[in-house]
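Q: One structure coming up, written as structure tokens, with questions to follow.
Numbering (our numbering), first residue to last: 164 to 315.
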């Protein structure tokens, strides 16, 4: 079964600042809870995002179990949106659309994550017992860090 997580956050910065921060893979570990041991493995000479960009990570999503995660940037609309898609990792489907909308207060950032767990019925049980809350906690942590960084 497919699920969706949606979040939005107003950032008090210009579009160039928001885009530069969020489109850089090296900043992902800063906005991910420390207990996930999120490590970006791919190193780029130029950190500019592009369609077809492949990013490899280590992550420990549950119980400290370390696993590889590989995503591909499948869509980029400069300073407006980008989408990453899981090629290998803990989900059956992971499709994360990032949107940036300029407004009078800075930039409204929207995240829409469409995802599905593997293992059918067992995956649905894991979703209701663990995964849904874990994802919400990750995005709650992210919100807090971004508030401190952009909205103080």
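We treat Cβ as the ideally placed atom computed from N, Cα and C, and that holds for glycine.
Since this is a predicted model, take the numbers as computed values, not measurements.
Ignore the nearest five residues each way along the sequence and tell me which others in residue 249's own chain have a CB closer than 6 Å to its CB.
A: Taken in chain order, the residues that qualify are 234 and 257.
Q: Can we say the segment 282–290 touches the segment 258–267, given the rule of at least three CB pairs closer than 8 Å?
A: As far as the Cβ criterion goes, the segment 282–290 does not touch the segment 258–267, which means the pair count is below three.
Q: Between the Cα of residue 279 and the Cα atoms of 273, 272 and 295, which residue gives the shortest distance?
A: Nearest of 273, 272 and 295 to residue 279, Cα basis: 295.
Q: Where residue 307 and residue 168 are concerned, what is the direct C-alpha to C-alpha distance, given to the nearest angstrom?
A: If you take the alpha carbons of residue 307 and residue 168, they lie about 17 Å apart.
Q: By the 10 Å Cβ neighbour count, where 16 or more other Cβ atoms means buried, how is residue 222 classified, buried or exposed?
A: By the 10 Å Cβ count, residue 222 comes out buried.
Q: Where does residue 282 land, buried or exposed, given buried means 16+ other C-beta within 10 angstroms?
A: The residue is exposed, with fewer than 16 neighbouring Cβ atoms inside 10 Å.
Q: Helix, strand or coil: how does DSSP classify residue 191 here?
A: Helix at residue 191.
Q: What residue does the alpha helix (DSSP H) around residue 313 start on, and which one ends it?
A: Residue 313 -> alpha helix (DSSP H) spans 295–313.
Q: Under the rule that 16 or more other beta-carbon atoms within 10 Å means buried, what is residue 261, buried or exposed?
A: Buried, because 16 or more other Cβ atoms sit within 10 Å of the Cβ of residue 261.
Q: Going by alpha carbons, who is nearest to residue 246 out of 174, 216 and 171?
A: Among 174, 216 and 171, the Cα nearest to that of residue 246 is on 216.
Q: Whole angstroms is fine: what's the gap from residue 178's alpha carbon to residue 270's?
A: Each residue's Cα considered, the two are about 6 Å apart.
Q: Below 7 Å CB to CB, which residues in the same chain sit around residue 173 once its five sequence neighbours on both sides are set aside?
A: Counting only Cβ-Cβ distances below 7 Å, and skipping sequence neighbours, we find 268, 269 and 271.
Q: Just list the residues that DSSP pairs residue 217 with in beta bridges.
A: Answer is 235, bridged to residue 217.
Q: State the CB to CB distance for the pair residue 231 and residue 255, rounded to an integer number of angstroms; the pair is presumed to be in contact (CB under 8 Å).
A: Not really, about 16 Å apart at Cβ, beyond 8 Å.
Q: Flag this pair as yes or no: are the beta carbons of residue 175 and residue 314 separated by less than 7 Å?
A: In contact: residue 175 and residue 314 (Cβ atoms closer than 7 Å).
Q: Which partner residues of residue 240 appear in the DSSP bridge assignment?
A: Bridge partners of residue 240: 244.
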